[in-house]
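Undergrad: Numbering (UniProt numbering), first residue to last: 1 to 394. All residues carry an ideal CB built from backbone N, CA and C; glycine is no exception. Keep in mind the model is a prediction, meaning the values are calculated, not measured. Shown below is the structure under consideration.
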């Protein structure tokens, strides 16, 4: 019988603190010691505390209030648990299991487990160049080592300049990271082929002449990532010259790099009356939700390109017949100066916007008085119709 009012003492050898974890719709009860490894994501989580307003206490403390790991495949998580806990079951693990273990070990910073998984995958796939290439690109275990003159990457305003300014501490006996071949700066998640292309742009420029559009896209990607502004500007020009006639390339790259002009260009191509419009490619390329807006632009440009120039008088005002709203049949907005058109020359008042819409909001009007080419007007109408989408771009 225990003494009343006295807190019992946990016996560490026989006392295991457990954590409830939910992955998908599966529930796990795991000894905390296997997850609470120093410098891992879980150790940081337990150190910071996981508050919860649940009546069941902190997350992970009760089966009805588990720690939920979003986006994790249950099969991969079970393989990971074998590596950190149920190691007697590890012998039967397949190469795919080890790949899953490496993915989660990298994600949660279990360094020893990641190293073990890398060694096992290398042992299994050492003679399979294709598999090694796939794993190398995914997990950056490629054996590429570069010795780069510091002056080419220590450019003011870049990530590397900031890194060198703040210093890169290291516990290695070989000194600071990057100062010895046995202690290089590791660029996680960077494709070796893309990095070699980037080095041509910042260093080996005599080899840049043979670079393909795909290489320039990779150069742009890394210049954008590391804030090499001059290289980014050069790469933008090269990519635009190569891909500016592809609507979907302009849209995808424009969204990736937050380049407003490219997104406008992509929508302008799709909206141009000469473009063979089809819904299926829009859906396949991820722009199915923009069909209605593109249709509005196409209709506006059709009116713009087909306008006749016969002026008529209605209630004393000079207007164009083609400017009647096809939806509500009313007249479009007029200039606040009450001279929508000059009586002598039929020119739109200078204060009127190039593109407006009817009061009903359904029909967009590009105004002929602007005297823009159809291509330029196409871009103007796109910017008007897609203004909410474009406001977050550079």
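Excluding five sequence neighbours on each side, which residues of the same chain lie with their C-beta closer than 6 Å to the C-beta of residue 226?
TA: For the purposes of this step, residue 226 is taken as residue 226 along the chain shown, with counting starting at 1. Here the set comprises 158 and 159.
Undergrad: I need the straight-line Cα distance from residue 115 to residue 188, nearest angstrom please.
TA: One-based indexing of the chain shown puts residue 115 at position 115. One-based indexing of the chain shown puts residue 188 at position 188. So the two alpha carbons sit approximately 15 Å from each other.
Undergrad: If you run the structure through DSSP and keep just helix, strand and coil, what is residue 283?
TA: Residue numbering aside, residue 283 sits at position 283 when the chain shown is read from its first letter. Looking at residue 283 - three-state DSSP - the assignment turns out to be helix.
Undergrad: Suppose the cutoff is 6 Å on Cβ atoms and the five residues either side in sequence are ignored; what does the same chain contact list for residue 23 look like?
TA: Along the chain shown, one-based indexing puts residue 23 at 23. Closer than 6 Å at the Cβ level, and outside the excluded window around residue 23, lie 69, 72, 74 and 77.
Undergrad: Are the CB atoms of residue 30 and residue 81 nearer to each other than 9 Å?
TA: The residue you call residue 30 lines up with position 30 of the chain shown. The residue you call residue 81 lines up with position 81 of the chain shown. It is a contact, given that the beta carbons lie within the stated cut-off.
Undergrad: Does the CB of residue 373 have a neighbour CB from chain C at under 9 Å?
TA: In the structure shown, chain C cannot be found, because there is only a single protein chain.
Undergrad: Taking Cβ positions, are residue 374 and residue 301 nearer each other than 9 Å?
TA: Taking the chain shown and counting its residues from 1, one reaches residue 374 at position 374. Taking the chain shown and counting its residues from 1, one reaches residue 301 at position 301. Contact flag set, yes.
Undergrad: Per DSSP, residue 26 forms a beta bridge with which residues?
TA: Your numbering for residue 26 matches position 26 in the chain shown. DSSP lists 23 as partners of residue 26.
Undergrad: Per DSSP, which residues does residue 407 bridge with? Please list them.
TA: A query on residue 407 cannot be resolved here, the shown segment of the chain reaching from 1 to 394 and no further.
Undergrad: Just to confirm, are residue 234 and residue 201 a CB contact at a threshold of 9 Å?
TA: In the chain shown, the residue the question calls residue 234 occupies position 234. In the chain shown, the residue the question calls residue 201 occupies position 201. Yes; because the gap between Cβ atoms is below 9 Å, this pair is in contact.
Undergrad: Using three-state DSSP, classify residue 62 as helix, strand or coil.
TA: What you label residue 62 is simply residue 62 of the chain shown in a count that begins at 1. Strand, per DSSP.
Undergrad: Are the region 145–156 and the region 209–219 in contact at 8 Å, needing three or more beta carbon pairs?
TA: No: the two stretches stay apart, fewer than three of their Cβ pairs being nearer than 8 Å.
Undergrad: For residue 31, which three-state DSSP category applies?
TA: Within the chain shown, numbered from 1, the residue matching residue 31 stands at position 31. In this structure, residue 31 counts as strand in the three-state DSSP scheme.
Undergrad: What span of residues does the alpha helix (DSSP H) with residue 16 cover, start to end?
TA: Numbered from its first residue, the chain shown carries residue 16 at position 16. Segment: none, residue 16 is in no alpha helix (DSSP H) and carries neither H nor E.
Undergrad: Helix or strand or just coil, what does DSSP make of residue 151?
TA: Position 151 of the chain shown holds residue 151. Helix.
Undergrad: Could you check the C-alpha separation between residue 387 and residue 303 for me, to the nearest Å?
TA: Sequence index remark: in the chain shown, residue 387 carries index 387 (1-based). Sequence index remark: in the chain shown, residue 303 carries index 303 (1-based). Approximately 21 Å between the Cα atoms of the pair.
Undergrad: In this structure, how does DSSP classify residue 100 when only helix, strand and coil are distinguished?
TA: Counted from its first residue, the chain shown places residue 100 at position 100. Note: residue 100 maps to helix in three-state DSSP.
Undergrad: Are the CB atoms of residue 223 and residue 232 within a distance shorter than 9 Å?
TA: Within the chain shown, numbered from 1, the residue matching residue 232 stands at position 232. Within the chain shown, numbered from 1, the residue matching residue 223 stands at position 223. Yes. Within cutoff.
Undergrad: What are the start and end residues of the alpha helix (DSSP H) that includes residue 230?
TA: Here the question's residue 230 lines up with position 230 in the chain shown. Counting along the chain, the alpha helix (DSSP H) containing residue 230 begins and ends at 229–243.
Undergrad: How is the alpha helix (DSSP H) around residue 36 delimited, first residue to last?
TA: Within the chain shown, the letter at position 36 stands for residue 36. Neither: residue 36 is in no alpha helix (DSSP H) and is coded neither H nor E.
Undergrad: Please report how far the alpha carbon of residue 106 lies from the alpha carbon of residue 151, in whole angstroms.
TA: Mapped onto the chain shown, residue 106 falls at position 106. Mapped onto the chain shown, residue 151 falls at position 151. Their backbone Cα atoms lie some 31 Å apart in a straight line.
Undergrad: Which same chain residues, not among the five before or five after residue 383, have their C-beta less than 7 Å away from its C-beta?
TA: Sequence index remark: in the chain shown, residue 383 carries index 383 (1-based). Closer than 7 Å at the Cβ level, and outside the excluded window around residue 383, lie 264 and 390.
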